[in-house]
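Some notes on the structure that comes next.
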Amino acid sequence: MPYDNTVDVSLNRESLIQKYKCQINAVTKTALVKKEYLADVPGANGVVDLSSWFGTPRFEPITLTVYVQSDTETAISCADRLANFYIGKSVEVRLSFDYDWYRTGVVTNVTPLGSEVVIAIRCDPYRYADQETVYEIPASTSEVGKTLANNGSLPVVPSVTVADANVVIVHGTARYTLSKGTHLLPRMVISGGSSVEISVSGGACEIRYREAVL
41 MPYDNTVDVS
51 LNRESLIQKY
61 KCQINAVTKT
71 ALVKKEYLAD
81 VPGANGVVDL
91 SSWFGTPRFE
101 PITLTVYVQS
111 DTETAISCAD
121 RLANFYIGKS
131 VEVRLSFDYD
141 WYRTGVVTNV
151 TPLGSEVVIA
161 IRCDPYRYAD
171 QETVYEIPAS
181 TSEVGKTLAN
191 NGSLPVVPSV
201 TVADANVVIV
211 HGTARYTLSK
221 GTHLLPRMVI
231 SGGSSVEISV
241 SGGACEIRYR
251 EAVL
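With the first letter of the sequence shown counted as 1, position 24 gets the number 64 in this note's numbering; the numbers rise by one all the way through.
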């Protein structure tokens with residue numbers, strides 16, 4: 041999946057083009073591979089595939105490879121600088137044409153290859169929204185209905201930050217009374233591509249989560 045050389049790549053919001061005076065010749069990524077969960081079950085005459093039991097499919101990490109060419113240095117000296125700064129570090133990877141989303145990963149290798157430098161990054165298969173989805177709910181003595189939508193493909197667990205007075209959230213048959221502070225509500229998980237209905241009363245609060253897509 042190569043991209044043209046007008047593309048920039050940012051690692052932890054630092055542009056490679058601007059920081060290293062280079063150009064990006066190509067960016068490639070490996071194909072998605074679904075994880076398998078195989079188990080030996082007595083009497084089953086072999087292994088049983090339990091992958092579907094986990095609901096949302098899981099995928100193996102991918103490798104993102106960035107091909108860089110320096111305008112001012114040899115490939116070897118450029119590779120040395122990149123390796124000293126990034127190798128082994130956790131990074132957020134953003135592509136200039138897809139800047140609303142980022143990948144998380146670790147730089148595993150930086151090597152000179154001819155006139156280019158090749159940066160290999162082992163990444164989570166999902167891309168995460170640069171901006172969290174946020175709902176700000178004002179204080180109210182009566183119940184306020186709210187629909188929480190997850191437009192991504194990965195389940196999310198909302199966090200609720202209560203500003204001051206206690207907040208009561210009703211979700212289905214569950215009822216939460218939350219004091220001042222930040223709370224995670226794992227029973228209120230929102231599956232990818234779905235939504236949940238809640239009602240809120242009491243003090244002001246903020247509900248947030250970060251969507252992710254493949």
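Glycine included, C-beta positions come from ideal geometry on N, C-alpha and C.
Please state if the CB of residue j and the CB of residue i are separated by a distance shorter than 8 Å.
| i | j | result |
| --- | --- | --- |
| residue 163 | residue 145 | yes |
| residue 269 | residue 187 | Given a span of 41 to 254 for the chain in the structure shown, any question on residue 269 remains unanswerable. |
| residue 59 | residue 110 | no |
| residue 245 | residue 203 | yes |
| residue 103 | residue 129 | no |
| residue 254 | residue 72 | yes |
| residue 157 | residue 115 | yes |
| residue 194 | residue 150 | no |
| residue 179 | residue 233 | no |
Put residue i into one of helix, strand or coil per three-state DSSP.
| i | result |
| --- | --- |
| residue 59 | helix |
| residue 155 | coil |
| residue 254 | coil |
| residue 121 | helix |
| residue 102 | strand |
| residue 66 | strand |
| residue 247 | strand |
| residue 139 | coil |
| residue 107 | strand |
| residue 175 | strand |
| residue 168 | strand |
| residue 116 | helix |
Have a look at residue i and residue j and give me their C-alpha separation to the nearest angstrom.
| i | j | result |
| --- | --- | --- |
| residue 238 | residue 196 | 15 Å |
| residue 241 | residue 166 | 35 Å |
| residue 137 | residue 205 | 43 Å |
| residue 223 | residue 171 | 20 Å |
| residue 52 | residue 160 | 15 Å |
| residue 220 | residue 97 | 36 Å |
| residue 174 | residue 248 | 4 Å |
| residue 210 | residue 228 | 10 Å |
Candidates the options: which alpha carbon is nearest residue i's?
| i | options | result |
| --- | --- | --- |
| residue 65 | 73, 56 and 72 | 56 |
| residue 54 | 105, 127, 132 and 252 | 132 |
| residue 183 | 122, 207, 223 and 126 | 207 |
| residue 250 | 99, 67, 191 and 101 | 191 |
| residue 148 | 140, 52, 141 and 127 | 127 |
| residue 252 | 154, 173, 226 and 168 | 168 |
| residue 212 | 185, 193 and 199 | 185 |
| residue 74 | 179, 101, 48 and 153 | 101 |
| residue 120 | 152, 106 and 143 | 152 |
Q.
Ignoring anything shorter than 3 residues, give me the beta strand (DSSP E) runs that lie fully in the segment 178 to 230, in order along the chain.
A. 180 to 190, 199 to 202, 207 to 211, 214 to 218 and 221 to 224
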